[in-house]
Amino acid sequence: MAQQPRHQEWEPHSTLSSSKTSSQTDSSMASVHTVEEVTESKEEETMDFKLATLLSIFESTSEEVLLQALHSAEGNLEVAIPLILSRNQSSELSDSSALDQDLSKSQLGSSRGSASPGTDELFPRKRQKLVQPRLSAFLPADPLLSLPAYACTTSSLSQSLEDPYSISSDPALPSLNERLRWKESLDEPIASSSLANPKPRPLVLYRPEDVAQHCPCTLIFNVLDKDLAGRLLKVMLKDSETWSRNRWWLFERIVTSPHKTSYFAERENDMEEVSGWTYNGRKQDAPRRFLPEMNEAKEVIRKIVNDLRKTRDIHPYEVQGEWDCNVAAVNHYANSKESVGWHADKLTYLGPRPTIASLTLGATRLFRIRKVVPDAKHPDTAGQLISISLPHNSLCIMWPPMQEEWKHEVPPVPTVTPHSIRSVCNLQYILGSVKNSGTARINITYRLSREGFSPEETPVCRCGVAMVLRCVFKNKANYGRYFYMCYAAGSHEGKTCGEFHWVDMEEKLGLKKSSVPTTTDVLYASPTTPTSGPNQDLLESGCSIVEGVDGEDDVEAMIRGELA
Ligand SMILES: O=C(O)CCC(=O)C(=O)O
Ligand SMILES: [Fe+2]
Numbered sequence: 001m002a003q004q005p006r007h008q009e010w011e012p013h014s015t016l017s018s019s020k021t022s023s024q025t026d027s028s029m030a031s032v033h034t035v036e037e038v039t040e041s042k043e044e045e046t047m048d049f050k051l052a053t054l055l056s057i058f059e060s061t062s063e064e065v066l067l068q069a070l071h072s073a074e075g076n077l078e079v080a081i082p083l084i085l086s087r088n089q090s091s092e093l094s095d096s097s098a099l100d101q102d103l104s105k106s107q108l109g110s111s112r113g114s115a116s117p118g119t120d121e122l123f124p125r126k127r128q129k130l131v132q133p134r135l136s137a138f139l140p141a142d143p144l145l146s147l148p149a150y151a152c153t154t155s156s157l158s159q160s161l162e163d164p165y166s167i168s169s170d171p172a173l174p175s176l177n178e179r180l181r182w183k184e185s186l187d188e189p190i191a192s193s194s195l196a197n198p199k200p201r202p203l204v205l206y207r208p209e210d211v212a213q214h215c216p217c218t219l220i221f222n223v224l225d226k227d228l229a230g231r232l233l234k235v236m237l238k239d240s241e242t243w244s245r246n247r248w249w250l251f252e253r254i255v256t257s258p259h260k261t262s263y264f265a266e267r268e269n270d271m272e273e274v275s276g277w278t279y280n281g282r283k284q285d286a287p288r289r290f291l292p293e294m295n296e297a298k299e300v301i302r303k304i305v306n307d308l309r310k311t312r313d314i315h316p317y318e319v320q321g322e323w324d325c326n327v328a329a330v331n332h333y334a335n336s337k338e339s340v341g342w343h344a345d346k347l348t349y350l351g352p353r354p355t356i357a358s359l360t361l362g363a364t365r366l367f368r369i370r371k372v373v374p375d376a377k378h379p380d381t382a383g384q385l386i387s388i389s390l391p392h393n394s395l396c397i398m399w400p401p402m403q404e405e406w407k408h409e410v411p412p413v414p415t416v417t418p419h420s421i422r423s424v425c426n427l428q429y430i431l432g433s434v435k436n437s438g439t440a441r442i443n444i445t446y447r448l449s450r451e452g453f454s455p456e457e458t459p460v461c462r463c464g465v466a467m468v469l470r471c472v473f474k475n476k477a478n479y480g481r482y483f484y485m486c487y488a489a490g491s492h493e494g495k496t497c498g499e500f501h502w503v504d505m506e507e508k509l510g511l512k513k514s515s516v517p518t519t520t521d522v523l524y525a526s527p528t529t530p531t532s533g534p535n536q537d538l539l540e541s542g543c544s545i546v547e548g549v550d551g552e553d554d555v556e557a558m559i560r561g562e563l564a
């Protein structure tokens with residue numbers, strides 16, 4: 001079935017909406033439509049929404065497993081849920097790593113061309129006799145559906161209710177009682193499957209101090225002058241009419257991102273640089289030049305980030321000296337169902353340990369993050385879901401090592417409160433020249449396109465496509481090592497040569513005293529060669545993470561399948 005791709009950092013996350021090529025026939029893909037059909041279909045019906053629902057119920061089950069269950073259940077949630085419960089409850093498979101291992105084995109053993117390799121081993125399509133819980137038991141009538149449980153720490157929740165910054169004063173948000181009621185309704189089914197292995201409680205953070213405490217982010221409210229925020233929102237909304245949805249190949253299908261994206265550069269030479277960028281093996285649309293309001297906002301944001309950097313330890317791999325933001329990836333989410341899936345922003349053109357300043361304009365949305373690297377000091381927080389509410393005119397600065405060690409998403413939610421820009425431009429509004437921005441959210445991620453990481457300096461794989469820079473984060477032996485890998489699958493009908501190169505980052509950044517010219521170290525063998533040694537090591541580590549809703553990880557999974 002269509003994997004839910006996620007995003008190539010600036011790029012898309014796609015929905016499960018996917019279009020099969022005409023030559024493909026997969027009877028199990030009853031729910032697969034052409035992009036056009038999916039776009040027209042009721043949004044609630046999309047696999048994206050269903051996956052989000054499953055994710056909100058089974059927080060600690062891998063997304064790949066959820067996708068496969070959904071596939072086996074032919075998109076029927078009422079069938080998928082008991083399948084997953086059954087898998088999780090079985091003692092052998094309740095360990096998600098064992099489950100993932102099974103999954104990878106089944107993928108390795110499966111033939112290419114199957115839309116969802118190995119699915120049948122994991123979730124036999126033959127319906128099992130299972131206790132089928134009522135779907136309604138899992139679907140809270142809560143506007144913040146994607147918050148799996150309102151496990152704000154009690155203190156942070158109650159504090160947030162008093163805090164002037166807290167968005168809990170937003171009348172559209174559920175009351176504390178509603179939250180607790182919903183949480184109670186979730187407790188029962190979740191507890192029964194997780195008694196033996198208690199999972200960290202999801203957090204919902206509203207206050208900057210809570211955000212600072214729990215993750216490498218800084219949240220700032222009312223970051224821009226109110227008038228500038230309103231003007232910027234207005235021009236970006238207008239400009240977004242010409243932005244497009246990314247499309248790329250994933251598992252033999254073309255997938256489409258469930259939001260519109262565009263790229264901006266500050267200066268002419270940055271424009272040239274950005275026009276050379278490739279994501280998911282595809283050249284991006286020509287970048288645009290920063291609009292005057294983007295420049296105004298950039299100045300404010302650059303100063304804030306640099307002031308804060310003075311109070312932080314700067315890792316040797318980070319940009320030393322002043323941080324600048326000469327490029328921006330922008331996203332337009334038209335309504336509550338538009339989203340971006342789990343991903344980390346790619347390092348290819350940003351270099352290691354980037355700082356990214358993410359500005360929200362318009363409707364409030366949840367920004368959900370989770371740490372993918374186990375924390376030796378706080379093992380109990382591994383995989384913990386943290387949701388941060390991002391209202392209009394808020395800045396979320398993602399500090400290093402956020403892109404190396406965490407993933408983030410903007411999940412679909414049932415509703416968002418329409419944002420009004422009336423107060424800012426009252427007269428124009430009355431005159432009819434300014435519309436209420438409604439449910440739309442604009443996101444501008446200000447970034448530094450880093451010296452030494454330009455398209456010309458990016459290696460090209462055997463497919464002839466720019467490779468992607470990534471960091472190993474799951475394998476102890478190679479933890480923290482950077483590598484380039486083939487990322488051509490997005491443009492090559494799902495096919496990849498699987499090439500990768502280790503990167504000696506110390507050397508690349510000029511941090512080494514020695515001048516031995518060993519920038520990269522080609523390690524990869526032919527895609528059909530059984531892997532061993534360092535390849536295997538890598539494949540078992542950062543390269544082998546399978547997460548069904550992350551485009552980049554899906555490509556890795558595909559690579560693994562090809563190598564078997
Ligand atoms: O919309 C957001 O807040 C996040 C966007 C994002 O993650 C990205 O553009 O890489
Ligand atoms: Fe991102």
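Mapped onto UniProt numbering, the consecutive letters of the sequence shown carry residue numbers 1 to 564. Just so it is clear, CB atoms sit at the ideal spot from N, CA and C, and this is done for glycine as well. Quantities reported herein were computed from a predicted structural model and do not represent experimental measurements.
Among the residues of its own chain, which have a CB less than 6 Å from the CB of G438, if the five just before and after it don't count?
P418
Is it right to say Q128 is buried, meaning 16 or more other beta carbons lie within 10 angstroms of its own, or is it exposed?
Low local confidence applies: a pLDDT of 34 at Q128 is under 50, so the model's placement there is unreliable, with the coordinate-based value given in what follows. Looking at its Cβ environment, which holds fewer than 16 other Cβ atoms inside 10 Å, Q128 is exposed.
Below 7 Å CB to CB, which residues in the same chain sit around E293 once its five sequence neighbours on both sides are set aside?
Cβ within range, chain order: L228, R231, L232, V235.
What does the Cβ neighbour count give for H315, buried or exposed, with the cut at 16 atoms within 10 Å?
exposed
Of the choices E409, G480, P459, whose alpha-carbon is the least far from that of F500?
The residue with the shortest Cα to Cα distance from F500 is P459.
Could you tell me if S244 is buried or exposed, where buried requires 16 or more neighbouring beta carbons within 10 angstroms of its beta carbon?
exposed
How about H343: is its Cβ closer than 7 Å to a heavy atom in ligand 2?
yes
Need the endpoints of the beta strand (DSSP E) that H408 sits in, please.
406-410
Taking C-beta to C-beta, are T348 and V468 nearer than 8 Å?
yes
Please state whether the Cβ-Cβ distance between S394 and I254 is less than 8 Å.
Result no, Cβ atoms of S394 and I254 do not sit closer than 8 Å.
Identify the continuous beta strand (DSSP E) that holds H343 and give its terminal residues.
For H343, the uninterrupted beta strand (DSSP E) run begins and ends at 340-343, by DSSP.
Identify the continuous alpha helix (DSSP H) that holds N331 and give its terminal residues.
N331 -> not in any alpha helix (DSSP H); beta strand (DSSP E) instead, spanning 327-333.
Taking 7 Å as the cut-off, is the beta-carbon of S336 closer than that to any non-hydrogen atom of ligand 1?
no
So for R267, helix, strand or coil by DSSP?
Coil, per DSSP.
With distances taken between CB atoms, is the gap from P202 to L385 smaller than 8 Å?
Cβ atoms of P202 and L385: closer than 8 Å.
With a cut-off of 8 Å on the beta carbons, I'd call K407 and W342 a contact; round off their distance for me.
5 Å
Should K512 be labelled buried (16 or more other beta-carbon atoms within 10 Å of its own) or exposed?
exposed
Below 8 Å on the Cβ atoms is my contact criterion, and I expect A357 with I301 to pass it. Report the Cβ-Cβ distance as a whole number of Å.
5 Å
Check this for me: beta carbons of T261 and V330, under 8 Å apart or not?
Yes; because the gap between Cβ atoms is below 8 Å, this pair is in contact.
Starting from G230, trace the alpha helix (DSSP H) both ways and give me its first and last residue.
226-240
Out of F264, V372, M402, which one is the CA nearest neighbour of F473?
V372
Taking the C-alpha atoms as reference points, what is the distance between G362 and P391?
7 Å
What is the rounded straight-line gap between the Cα of S275 and the Cα of I81?
44 Å
Going by C-alpha distance, which of K238, L308, Q68, R365 is nearest H206?
The sequence shown places Tyr at residue 206, not His. That would be R365, whose Cα lies nearest to the Cα of Y206.
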